[in-house]
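Trainee:
Number of protein chains: 2
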Amino acid sequence: MTQIPDKEIILNAFDMNCVGHINHGLWTHPRDESHRFNELSYWTGLAKTLEQGLFDGLFIADITGVYDVYQGNIDLTLKESIQLPSHDPSTLVSAMAAVTQNLGFGVTVNLSYETPYQFARRFASLDHLTQGRIGWNIVTGYLDSAARLIDQTGLQDHDLRYEQAEEFLSLCYKFWEGSWEHDAVIKDKSQRIFTQPSKVHAIHHQGQFYHSQGVFQVSPSVQRTPVLFQAGASTRGLSFATQHAEAMFIGADQPAKVKQQVEQIRAQARSQGRDPNQLKLLVGISVITAETDELAQQKLAEYISYASPEAGLAHFSSSIGIDLSQFADDEAIPYQKTNSIASVNQRFKSQKITPNDLKAQLKLGGRYPLFVGSGASIATQLIQYLDETGIDGFNLTRTVAPESHHDFIRYVIPELQQRGRYKTAYRQGSLRHKLFQNGDLLPHTHPVEQYRCQPQDTKTASEKAATKVSTLA
Amino acid sequence: MTQIPDKEIILNAFDMNCVGHINHGLWTHPRDESHRFNELSYWTGLAKTLEQGLFDGLFIADITGVYDVYQGNIDLTLKESIQLPSHDPSTLVSAMAAVTQNLGFGVTVNLSYETPYQFARRFASLDHLTQGRIGWNIVTGYLDSAARLIDQTGLQDHDLRYEQAEEFLSLCYKFWEGSWEHDAVIKDKSQRIFTQPSKVHAIHHQGQFYHSQGVFQVSPSVQRTPVLFQAGASTRGLSFATQHAEAMFIGADQPAKVKQQVEQIRAQARSQGRDPNQLKLLVGISVITAETDELAQQKLAEYISYASPEAGLAHFSSSIGIDLSQFADDEAIPYQKTNSIASVNQRFKSQKITPNDLKAQLKLGGRYPLFVGSGASIATQLIQYLDETGIDGFNLTRTVAPESHHDFIRYVIPELQQRGRYKTAYRQGSLRHKLFQNGDLLPHTHPVEQYRCQPQDTKTASEKAATKVSTLA
Numbered sequence: 001m002t003q004i005p006d007k008e009i010i011l012n013a014f015d016m017n018c019v020g021h022i023n024h025g026l027w028t029h030p031r032d033e034s035h036r037f038n039e040l041s042y043w044t045g046l047a048k049t050l051e052q053g054l055f056d057g058l059f060i061a062d063i064t065g066v067y068d069v070y071q072g073n074i075d076l077t078l079k080e081s082i083q084l085p086s087h088d089p090s091t092l093v094s095a096m097a098a099v100t101q102n103l104g105f106g107v108t109v110n111l112s113y114e115t116p117y118q119f120a121r122r123f124a125s126l127d128h129l130t131q132g133r134i135g136w137n138i139v140t141g142y143l144d145s146a147a148r149l150i151d152q153t154g155l156q157d158h159d160l161r162y163e164q165a166e167e168f169l170s171l172c173y174k175f176w177e178g179s180w181e182h183d184a185v186i187k188d189k190s191q192r193i194f195t196q197p198s199k200v201h202a203i204h205h206q207g208q209f210y211h212s213q214g215v216f217q218v219s220p221s222v223q224r225t226p227v228l229f230q231a232g233a234s235t236r237g238l239s240f241a242t243q244h245a246e247a248m249f250i251g252a253d254q255p256a257k258v259k260q261q262v263e264q265i266r267a268q269a270r271s272q273g274r275d276p277n278q279l280k281l282l283v284g285i286s287v288i289t290a291e292t293d294e295l296a297q298q299k300l301a302e303y304i305s306y307a308s309p310e311a312g313l314a315h316f317s318s319s320i321g322i323d324l325s326q327f328a329d330d331e332a333i334p335y336q337k338t339n340s341i342a343s344v345n346q347r348f349k350s351q352k353i354t355p356n357d358l359k360a361q362l363k364l365g366g367r368y369p370l371f372v373g374s375g376a377s378i379a380t381q382l383i384q385y386l387d388e389t390g391i392d393g394f395n396l397t398r399t400v401a402p403e404s405h406h407d408f409i410r411y412v413i414p415e416l417q418q419r420g421r422y423k424t425a426y427r428q429g430s431l432r433h434k435l436f437q438n439g440d441l442l443p444h445t446h447p448v449e450q451y452r453c454q455p456q457d458t459k460t461a462s463e464k465a466a467t468k469v470s471t472l473a
Numbered sequence: 001m002t003q004i005p006d007k008e009i010i011l012n013a014f015d016m017n018c019v020g021h022i023n024h025g026l027w028t029h030p031r032d033e034s035h036r037f038n039e040l041s042y043w044t045g046l047a048k049t050l051e052q053g054l055f056d057g058l059f060i061a062d063i064t065g066v067y068d069v070y071q072g073n074i075d076l077t078l079k080e081s082i083q084l085p086s087h088d089p090s091t092l093v094s095a096m097a098a099v100t101q102n103l104g105f106g107v108t109v110n111l112s113y114e115t116p117y118q119f120a121r122r123f124a125s126l127d128h129l130t131q132g133r134i135g136w137n138i139v140t141g142y143l144d145s146a147a148r149l150i151d152q153t154g155l156q157d158h159d160l161r162y163e164q165a166e167e168f169l170s171l172c173y174k175f176w177e178g179s180w181e182h183d184a185v186i187k188d189k190s191q192r193i194f195t196q197p198s199k200v201h202a203i204h205h206q207g208q209f210y211h212s213q214g215v216f217q218v219s220p221s222v223q224r225t226p227v228l229f230q231a232g233a234s235t236r237g238l239s240f241a242t243q244h245a246e247a248m249f250i251g252a253d254q255p256a257k258v259k260q261q262v263e264q265i266r267a268q269a270r271s272q273g274r275d276p277n278q279l280k281l282l283v284g285i286s287v288i289t290a291e292t293d294e295l296a297q298q299k300l301a302e303y304i305s306y307a308s309p310e311a312g313l314a315h316f317s318s319s320i321g322i323d324l325s326q327f328a329d330d331e332a333i334p335y336q337k338t339n340s341i342a343s344v345n346q347r348f349k350s351q352k353i354t355p356n357d358l359k360a361q362l363k364l365g366g367r368y369p370l371f372v373g374s375g376a377s378i379a380t381q382l383i384q385y386l387d388e389t390g391i392d393g394f395n396l397t398r399t400v401a402p403e404s405h406h407d408f409i410r411y412v413i414p415e416l417q418q419r420g421r422y423k424t425a426y427r428q429g430s431l432r433h434k435l436f437q438n439g440d441l442l443p444h445t446h447p448v449e450q451y452r453c454q455p456q457d458t459k460t461a462s463e464k465a466a467t468k469v470s471t472l473a
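From first to last, the protein sequence lines are chains P and A. 1 is the number of the first residue of the first sequence in UniProt numbering; add one for each residue after it. 1 is the number of the first residue of the second sequence in UniProt numbering; add one for each residue after it.
1) Examine the Cβ distances between the region 376-387 of chain P and the region 407-421 of chain P and report whether three or more of them are shorter than 8 angstroms.
2) If you reduce the DSSP assignment to three classes, tell me which class P/Met1 lands in.
3) Excluding the 5 residues preceding and the 5 following A/Ile243 in the sequence, name in chain order all residues of the same chain whose CB lies nearer than 7 angstroms to its CB.
4) Quick one, are the C-beta atoms of A/Ala165 and A/Thr108 less than 7 angstroms apart?
5) Under a three-way DSSP split, which group does P/Cys172 fall into?
6) Does the structure place the region 22-33 of chain A close enough to the region 389-396 of chain A that three or more beta carbon pairs sit under 8 angstroms?
7) What is the residue span of the alpha helix (DSSP H) that A/Asn110 lies within?
8) List, in chain order, every chain A residue whose beta-carbon is nearer than 8 angstroms to that of P/Ala95.
9) Look at the alpha carbon of A/Leu472 and the alpha carbon of A/Ile186, and state the distance between them as a whole number of angstroms.
10) Under 8 angstroms by Cβ, that's how I've got A/Gly141 and A/Asp440 pegged, so tell me the actual separation to the nearest angstrom.
11) Out of curiosity, what's the CA-to-CA distance linking A/Glu294 and A/Gly373?
12) For A/Gly53, I'd like the list of residues in its chain whose CB is within less than 6 angstroms of its CB, leaving aside the five on either flank, ordered along the chain.
13) What number of angstroms, rounded off, separates the C-alpha of A/Ser125 from the C-alpha of P/Ala307?
14) Please confirm whether A/Arg148 and P/Gln213 have their CB atoms less than 7 angstroms apart.
15) What are the complete beta strand (DSSP E) segments, minimum 3 residues, inside the region 41-75 of chain P?
16) Assuming P/Gly420 and P/Phe229 make a contact with CB atoms under 8 angstroms, what is their CB distance in whole Å?
17) Cutting at 6 angstroms between CB atoms, please list the residues of its own chain near A/Asn137, excluding the five before and the five after it.
18) Given this structure, state the Cα-to-Cα distance separating P/Phe37 from A/Leu46, to the nearest angstrom.
19) Go ahead and label A/Gln437 buried or exposed: buried means 16 or more other beta carbons lie within 10 angstroms of its beta carbon, across all protein chains shown.
20) Compute the Euclidean distance between the alpha carbons of A/Asn277 and A/Trp180, then round it to the nearest angstrom.
21) Along chain P, in chain order, which residues have C-beta atoms closer than 8 angstroms to that of A/Glu80?
22) Could you work out which residues of chain P lie near residue 480 of chain A, taking near to mean beta carbons separated by less than 8 angstroms?
23) My output table needs one value for P/Gly178: the three-state DSSP class, helix, strand or coil.
24) May I ask you to list the residues that DSSP assigns as paired with A/Trp27?
25) With distances taken between CB atoms, is the gap from P/Thr130 to P/Leu442 smaller than 7 angstroms?
26) Give the C-beta separation of P/Val283 and P/Ile250 to the nearest angstrom, bearing in mind that I take them to be a contact with Cβ-Cβ under 8 angstroms.
27) Pick helix, strand or coil for A/Gly141, following the three-state DSSP scheme.
28) Could you tell me which residues DSSP pairs with A/Leu290 in its beta bridges?
29) To which residues of the same chain is P/Arg236 closer than 8 angstroms at the C-beta, ignoring the five residues directly before and after it?
30) What in chain P is Cβ-close to A/Ile74, meaning under 8 angstroms?
31) Which residue's Cα is closest to the Cα of P/His201: P/Phe209, P/Gly366 and P/Asp183?
32) Determine the chain P residues that contact A/Ser86 at a beta-carbon separation under 7 angstroms, and present them in chain order.
33) What are the boundary residues of the alpha helix (DSSP H) that P/Ser212 is part of?
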């Protein structure tokens with residue numbers, strides 16, 4: 001194990017196109033503005049704030065369906081706005097991209113309910129518009145309510161979902177990197193050649209789930225394939241993620257357990273022929289910070305008075321597929337095999353957990369590990385967590401929006417910078433190049449390679465783009 | 001027939017997320033910037049320009065598939081960039097909405113290849129973000145190349161496509177207007193009620209093409225249903241359009257024929273129980289204008305020297321589903337029943353048209369009627385065309401971009417305003433209210449009514465929105 005010393009922390013804001021995302025109930029805080037989620041200025045303001053804080057990206061979660069497991073209905077879901085209403089995340093991107101230069105955008109899309117062609121076209125279009133700042137968080141979904149909404153009688157078997165995901169991805173790779181050669185577009189006005197016909201190819205796909213034949217409509221974008229994010233902790237999900245993903249979210253837990261998971265993931269990536277350092281591992285966290293530790297604790301107490309642990313329990317009920325309202329507060333929740341986020345659900349197998357245990361964890365309405373303190377104190381804790389576990393960074397949830405991001409940028413970022421663990425300026429280039437300093441495109445060791453229509457010089461895509469533009473002069 | 005005197009002209013810019021849209025070959029003009037279509041600043045610049053010109057909307061065309069009929073390949077399509085590459089139009093909206101206040105956005109989506117739920121969610125999200133400025137141009141597609149790309153072995157029968165469209169629309173109506181009552185969202189922080197559970201309902205749909213059951217994830221937006229645009233000139237398409245659409249594009253032709261079509265459409269709308277004036281009829285046009293008639297003619301000659309009539313012919317070959325390269329220049333093109341834009345194709349039935357005839361029409365690379373002259377001259381011609389035919393306005397294509405829009409705003413708009421035929425300031429409210437001055441929602445006479453979960457007071461939606469916001473104070 002090589003421990004890279006003083007690794008620079010990757011930091012994404014973790015948000016969603018909705019009111020209550022992770023820390024439920026805080027929408028009732030007088031200063032919270034998350035009810036403005038349907039206004040563009042809320043998002044352009046957030047994007048500008050995050051770029052001021054040199055955040056690597058804004059990661060936008062999404063869910064198809066509603067949380068209807070707790071008490072068998074959606075009453076609390078609606079009252080506390082537990083990811084309902086929730087709007088399409090991809091619609092937010094171009095407005096935020098227009099007011100920023102460097103911020104990346106990780107957008108969650110459940111592939112189960114998408115036409116691969118239209119999806120691939122939408123994300124390639126976004127990669128063009130953001131000049132290479134788009135990422136895709138690949139999810140396959142776990143809610144029965146989603147399947148009922150979208151013309152399926154029930155959720156597919158979990159392993160079959162990953163087979164479909166695998167095929168969906170391979171078809172997208174063909175669209176993104178197998179149809180147009182990198183130098184197909186020359187924009188030559190004098191010769192009247194916008195695109196060289198010999199360099200555009202029809203793709204052919206006859207699979208178990210999808211069939212497609214023809215030319216992709218989108219010319220090569222900066223990154224071609226968006227940066228691929230995934231969270232998959234089941235055996236099948238893990239194998240999928242270590243093969244394809246460039247960044248993974250792993251469930252937060254005790255540092256020792258996270259460390260174990262990190263080592264397992266990196267070992268598996270290595271065994272699949274990938275450079276394990278080309279897989280960035282991120283943990284979701286909540287932070288409450290202020291000028292001093294004491295003021296941060298006061299802020300926490302104030303926030304807690306608005307939070308809703310019960311709303312957190314309702315959200316969690318859907319995550320595990322078990323109605324937690326049916327157990328006494330001190331009753332151990334029995335493990336049940338359900339449609340659920342597998343990694344979360346499986347914890348019930350090995351541990352005796354009661355609703356009381358959960359409510360204690362959910363005092364701020366969410367289940368993410370909570371760091372409370374002054375900027376210096378938070379910086380120390382985050383660096384320690386990162387170094388102990390071997391992860392690469394954090395997905396920072398909001399608590400009271402947008403106040404919590406302003407606080408983090410004001411108090412924590414400078415402390416991380418002073419300790420040499422956070423950038424003081426953005427690097428040049430695409431989201432992928434910023435993250436890996438290895439060019440705009442996926443490396444040759446990635447599964448995409450077999451679908452490329454020609455050998456790619458992955459390191460010089462920007463130079464090639466520069467050449468292309470010069471033909472316009 | 002009541003002729004409303006001095007009707008104010010509705011004006012949309014007609015564009016597409018691509019290089020060559022209607023007037024092909026002009027991308028090679030030294031001042032043309034359409035090759036910048038994949039840059040956000042190209043679109044935010046355009047949106048600001050159009051709002052300065054008080055345009056009602058930007059109408060964004062789209063096509064799924066490629067034009068592969070001419071010469072049986074896509075060589076010319078690629079060289080002249082005939083709607084290829086072409087990118088997803090919906091990705092452009094939020095950036096343009098963020099830099100404008102009043103401009104509407106009509107976005108084309110082919111429903112044949114969409115999941116109704118995800119589509120309805122995306123457009124409802126856009127209606128929120130634009131504060132009620134979104135429209136949907138409903139198309140069903142006609143290209144075999146699209147069907148091959150998207151997992152269908154061939155195009156459906158034309159009438160069946162409209163049956164599917166009908167069902168798709170009714171399901172969208174349920175999502176948009178049948179799931180959430182208008183006052184469901186109260187955002188009451190003190191009572192901890194974001195949404196009142198009693199006012200949100202599951203929709204149920206068991207149709208021939210789609211099944212869906214559950215609660216829509218998007219709360220009511222300003223317009224709920226986007227403004228519905230359609231172009232349908234076949235008997236089945238016309239009946240669909242007059243029933244559902246709020247604005248229709250009709251094929252440009254001799255004024256006498258357009259007048260006939262206008263009267264037929266309005267009569268059919270009336271027979272379906274709709275107010276015929278609630279259906280706005282628009283014709284696509286190209287305009288070349290300058291300080292004087294002579295300078296406009298000089299500009300035309302200069303533009304023509306860059307245009308590609310052959311590219312226009314290639315585009316037209318796909319529109320009619322006939323490879324026009326196979327006929328001698330003076331050979332009458334025989335009518336063939338093909339997958340095509342029905343209204344265009346059917347003209348070959350009644351008229352003897354040769355490739356030479358078409359090339360003469362295509363001197364600027366496109367088939368839209370061309371108006372050339374000083375601002376005063378154009379204004380006179382447009383007003384005459386509108387009054388003679390009974391249409392409501394125009395979809396203005398670009399020629400040399402963005403120069404042609406700047407010219408139109410500089411020379412033509414003031415002349416139209418002087419004649420009292422063009423607004424001098426935007427009206428308040430949503431795109432729908434601006435167009436019809438009848439509230440934000442579709443009227444009771446529209447087919448959506450039967451899918452609404454409660455009686456809608458269609459005229460006071462803005463007042464209700466104001467009431468809702470006040471509960472936040």
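For glycine and all other residues, C-beta sits at the position ideal for the given N, C-alpha and C.
Mentor: Reading off the structure:
1) yes
2) At P/Met1, the pLDDT of 45 sits below 50, so the modelled position is not reliable; the number obtained from the coordinates is stated separately. Of the three classes helix, strand and coil, the one that applies to P/Met1 here is coil, per DSSP.
3) Before going on, a small fix: residue 243 of chain A reads as Gln here, not Ile. Excluding residues within five positions, the ones whose Cβ falls inside 7 angstroms are Gln272 and Pro447.
4) no
5) helix
6) no
7) It is not in any alpha helix (DSSP H) - A/Asn110 instead sits in the beta strand (DSSP E) that spans Gly104 to Asn110.
8) Ser94, Ala95, Ala97, Ala98 and Leu129
9) Residue placement at A/Leu472 cannot be trusted, given a pLDDT of 41 that sits under 50; what the coordinates show is reported in the next sentence. Distance between the alpha carbons of A/Leu472 and A/Ile186: 8 angstroms.
10) About 30 angstroms; that fails the 8 angstroms criterion.
11) 7 angstroms
12) Ile409 and Ile413
13) 27 angstroms
14) yes
15) 57-61
16) Incorrect: roughly 27 angstroms between the Cβ atoms, too far for contact.
17) Gly106, Thr108 and Phe229
18) 26 angstroms
19) exposed
20) 29 angstroms
21) Arg192 and Phe194
22) No information on residue 480 of chain A is available, as it lies outside the stretch 1 to 473 that chain A covers here.
23) helix
24) Answer by DSSP bridge pairing: none, since A/Trp27 is not bridged.
25) no
26) 6 angstroms
27) coil
28) Correcting the residue identity first, residue 290 of chain A is Ala in this sequence and not Leu. Partner(s): A/Ser374.
29) His158, Asp159 and Tyr162
30) Pro197, Val200 and Val215
31) P/Asp183
32) Gln217
33) Segment His211 to Gly214 is the beta strand (DSSP E) holding P/Ser212; no alpha helix (DSSP H) there.
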